[in-house]
Structures are given as C-alpha cells and as structure tokens.
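Taking the numbering used here, I'd label the letters of the sequence shown as residues 959 to 1454.
Just so you know, even glycine gets a beta-carbon here, dropped at the ideal spot from N, CA and C.
Here the structure is a predicted model, which means the values were calculated and not measured.
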Amino acid sequence: MAREEIIVIGGGIGGLTAGALLAQAGKSVTILEASREWGGCAGKFQRHKFLYASGATLGMGLEKGGIHERVFRHLGIKADAFRLDDVMKIKRGERTLTFYADRQKHVQAMQQAFPDYGDAIGAFYKEVYQKAAKIRLLMKKLPILPIKTGREAFELLTSLKPTHVTLTPDFFKTVQSLLKKHRLLECKDFIHFLDGQLIDSMQTTTKDCAMLMGVLALDIYHEGAYYVQGGLYQFAYDLADAAKRNGAKAILGRRVTEIRKVRDHYEVVDHRGNIRTADHVICNAPIQSLPKILNEDLYSQLSPGLKKRSKQDTWGTMTLYISLDETHLPEDFPLFQQLMSPEGNSHDEGNHLFLSASDKNDRKRAPEGFRTLTVSTHINLASWKSKSQYDLNKTLFTEKMLQTIRHYYPTIDDAIIDIYPGAPKAWEKYPHRPGGVVGGFAQTRTHSLFFSLSHRTSLKNFWLCGDSVFPGGGTIGVSVSGYHCFHSITGRRLIQ
C-alpha cells in the first residue's frame, strides 16, 4: 500500500513540529515554506555581521515534561539553551521589578514591592499556582479542544481527575475576577505588572483574559524560562533537520497560491506553478490566508466560525532590530525586559515594550564585544491601512520606542550601531503574515478553550496548526497544535 502523502504549508515551529513527527512515523511528508527562512515569526535575518531574531527569544517548554522537551526527546533533538533564574526585569517609571523563576522568591519580591497588599498578593499567587498545577496535570496528555469527535471526548474525559471539577466555575471568569476576589483591584501598579505578562503571551490583559489560560500564563515562566543560543529559530532548524533525516522534503521559497480538491485528494499549487498532490494538508499559515489560498469551493465548505475569524485582524507588532556596541551598555543590561512608557498607562500602541538582547557570549548573533537587540510592541492594525498613516506611524513609533528606551538607558544612543524598523509590511513580506497579523487571537473567554479554533476543520483531512488554533500563540501553543495534527492523523502519542 502506498504511503499517505502529507503536505505541510508553512515552516513555522507548529508546521515543522507536525511535519517532523509525521515523517518519523513513516508518512511521506513535504513541507513548503514561502520565505527563505524556517521559523515564521520565530525566524531570523542577517545584516552584515549581525543576526537578528525576528521575534522575542525567550524559550519555554524545555523543562522535563514541557512540550518542546517531549517533542525534541521524541525526535532525538538536543536544544542548546540555559535556564534563567531571573527571567526578566520590568521597568515602569521609577519602579523596577524582577520576575524570578523561583515561585516563593517571586511572591516575596512582589510582597516587598507592594507592602500594603502583601497578604492579598500572597493569597492571589497561592490560588494562581494551585489552579495552574491542576491545569498542567490535565494537559499532561495534551487533550484536544474544542471537542469535535468521540475519540477527542474520550481522551479529554480520561485526562480528568476529581480535582478538575473544582475548575469548572472558572471557565466563565477572567483574571480580573481573581484580582477582585483578593481585593487587589486598587493595586494598580501590580495589575500593570500582571498585564505586561499577559499581553505578551495571551494578547490581552487581566480585564479580559480567560482565567484558566491566564493563570497558566502567569505560572509558565516558573516552570522554566530559557535563553536559546542564537534564538528560537534554532528550534525551527532543528525540527527541519529532524524531518529531513526521516525522509521529509523540506523546501524553502515555495509560496502556496491555491489549494483545491480533485476527487479524493488535494492539489497544492505553488507560485511557480508546481502542483503537488496530497491525502492530507496541514495549514500552518495564518487562518487569514485561507480566503486567498483555498479555492472558492473549498472555502465555502468551511464552518461559519472559521470563515468569520479568517476575515478578522488580530494584533500587529512594530519591531526594532538594533545592533549594539557592548562597551557602552550597563554591566547589568538584562537579556529580557519589559519597559513601560513613563507617560503611558495602557499596554498597547507603543506604551509597552518587550526587549530581547543577545547574550554577551552568543557568537551566533553578534561578534565578540557586540550584541543584538529585538524590541517589539503591540499595535492596532486598523490605524495602519492607508499609505500616509503607515509612513507616519512607522516614523512616530520608531521614535516613541527609542524615547522609552532612552528614558531608562540615557546613554543607549552611544551603544547603537544600526537600527532596522520592522513595521507590519515587513511581517507581511517576509514571514507572510496577511496584513501583518502576529500572535493569534486574544485569549478572552470567547476565543479560548472550548471556544477556540480546532486543528480539525469541516474539510476531511484538511488540518490547521499555528497561533490561531488551540491552545494559541507562542512556541508552546503552536507546537501543541502541530502535535494534535500528528496525533489525529496517526493515532500515536509522544513518548512520556
């Protein structure tokens, strides 16, 4: 019997995870990536002697039992990374907070920073950590949501323990309701600190973030945060190599322009006119790509919910890529930090920056004595539609972001060698994000868990993975959705 032919569209970490696992399971796999780099939003680019990480480079899921650790162990990959004790610094006005990996140390630091709310903060984190531990126990078997088949329902039910019943009321609550319970709504600076954690991982803040997703996000760095040598693109290249070792075809520079159904198989057409046939197609492109790459007949067969979301923008990002002379940097310049604009109170539109610097010993990213820095902020794409708006915003946001960095590091201009702005069109041109969308849907109550998008579609053997699909954005989320495609096609599981 001929092997099933599987085409993976998009060489981001989610698609590469699915492709590498399926290739190892003996499937005939072809991975098509439109750009010249693996990794998607976690990719890289080179300018002169400097290598820049497209997105932030904070690694997670490498701890024992974490999704990347399990996938890499399954595939025989060893990650080159070191664990962080101090995960990041958070600066807002005159206050600097440290996010500590150790839970007890972290809570004590928060209590010392906000002494008037010390007992309430202790009780808040105790409940956060208890709920997160229960959810991790449930997620150990990586159950699929939302449930679409009897097998998926059975797998979820067999993952449940009696303790999970206590989480049921929390499906309809937000992180803000937990803050209210512990009488912390008046502690605005503490809420701003939490909002900074959630906006980067859940694409929303405490006010709207679904509680069960939020407590996981607030706890995840304690499970393990890592600096990955070179950047998270290394995950993508390691996965691509693993796929090729097991016989997969992994092809860069092949942009898919059409997917159509011919009798019982799919035909996938690339921009060069090449036609490839497949029994299964896994789409790791953003779902906003579906109206353009699915032919009219197939697109019409998608569920109304998926079609609706495929026409919705999510957040965008404005990014600065900076090369630095290390001699002009403070000795304690953090690898990862968040900076709040001194004048800003919200966490979007340039008021909240995430900075990810290369380690001083990371020769993959910069020569000795130099470092690279990726600076990103959330933006509302609705205000970037016209050319005049776009050009003005690109200039204004670049200066606004630099002004915030200068506020906290007044001599930063002495260290800057080059700056390359990455506005929405750059994200559209290089990792092929339609309109510049980045990060997936905000994990609110209406977009998360049972209300999220499934990897399974109404089209037989047409699958989705990536940051729009349960469990959402980040390398952990996209890897889980890639695993779900592998599991649903083969029935196999990761090694424990």
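Scanning Asn-1319, Pro-1429 and His-1445 for the CA closest to the CA of Phe-1040 turns up Asn-1319. For Ala-1011, the enclosing beta strand (DSSP E) has its first and last residue at 1008 to 1011. Between Ile-1240 and Gly-973, the C-beta spacing is below 8 angstroms. Between the region 1178 to 1197 and the region 1218 to 1232, the count of Cβ pairs shorter than 8 angstroms is below three; the stretches do not touch. Looking from the CA of Ile-1048, the closest CA among Gly-1435, Asp-1147 and Phe-1399 belongs to Asp-1147. Note: Lys-1219 is bridge-paired with Tyr-1224 in the DSSP secondary-structure output. The alpha-carbon of Gly-977 is positioned some 40 angstroms away from that of Leu-1055. When C-alpha distances from Thr-1415 are compared across Gln-1295, Ser-1268 and Val-1395, the shortest belongs to Ser-1268. Scanning Asp-1128, Phe-1112 and Gly-1076 for the CA closest to the CA of Ala-1090 turns up Asp-1128. Residues Val-1065 and Gln-1069 of the same chain have their beta carbon placed closer than 8 angstroms to that of Gly-1080, with the five preceding and five following residues left out of the count. As computed with DSSP, Ser-986 is found in a beta bridge with Glu-963. The residue from Glu-962, Ser-1410, Leu-1252 and Arg-1451 with its alpha-carbon nearest to that of Ala-1206 is Glu-962. Within the region 1184 to 1269, the complete beta strand (DSSP E) segments at least 3 residues long are 1207 to 1210, 1214 to 1220, 1223 to 1228, 1233 to 1236 and 1238 to 1241, listed from N- to C-terminus. Only residues of its own chain outside the window of five on either side were considered, and among them Tyr-1075, Ala-1078, Ile-1079, Phe-1082, Phe-1148 and Ile-1149 have a CB closer than 8 angstroms to the CB of Leu-1142, listed in chain order.
Your pair Thr-1162 and Leu-1152 does not check out as a contact, with CB atoms roughly 12 angstroms apart and the cut at 8 angstroms. Rounded to the nearest angstrom, the gap between the Cα atoms of Gln-1246 and Gly-997 is 18 angstroms. Secondary structure note for Lys-1139: its alpha helix (DSSP H) is the uninterrupted segment 1133 to 1139.
Sixteen is the threshold: when 16 or more other Cβ atoms of the shown chains lie within 10 Å of the Cβ of Ile-964, as they do, the residue is buried. Taking a 10 Å sphere around the C-beta of Phe-1408, we find fewer than 16 other C-beta atoms and assign the residue as exposed.
When Tyr-1366, Asp-1199 and Leu-990 are compared, the shortest CA-CA separation from Thr-1235 is found for Leu-990. The alpha-carbon separation between Asp-1349 and Ala-1111 amounts to approximately 50 angstroms. Judged by DSSP in its simplified three-state form, Ile-1447 adopts helix.
For Leu-1313, the enclosing beta strand (DSSP E) stretches over residues 1310 to 1315. A contact between stretches requires three or more CB pairs, one per stretch, nearer than 8 angstroms, and the region 1274 to 1288 meets this requirement with the region 1321 to 1341. The beta-carbon separation of Pro-1292 and Met-1046, rounded to 6 angstroms, stays under the 8 angstroms limit for a contact. Setting aside the 5 residues that flank it on each side, Lys-1358 is surrounded in the same chain by Ser-1299 and Gly-1308, each with a C-beta closer than 8 angstroms to its C-beta; the list follows chain order.
Contact check for Gly-1019 and Ser-1437: beta-carbon distance about 7 angstroms, within the 8 angstroms limit, so the pair qualifies. With a 10 Å radius around the Cβ and a threshold of 16 neighbouring Cβ atoms, Asp-1372 comes out exposed. The region 1005 to 1019 makes no contact with the region 1194 to 1205; the number of CB pairs closer than 8 angstroms stays below 3. His-1336 carries a strand assignment under DSSP once its states are collapsed to helix, strand and coil. Distance from the Cα of Gln-1454 is smallest, within the candidate group Arg-994, Met-1097, Tyr-1191 and Pro-1262, for Met-1097. In the displayed model, Asp-1044 falls within a strand according to three-state DSSP. Residue pairing by DSSP leaves Trp-996 without any beta bridge partner. Per the coordinates, the alpha-carbon of Phe-1444 lies some 49 angstroms from the alpha-carbon of Glu-1052.
In the DSSP assignment, Pro-1379 is bridged to Leu-1278. Assigned with DSSP and collapsed to three states, Ile-1105 falls in coil, not helix or strand.
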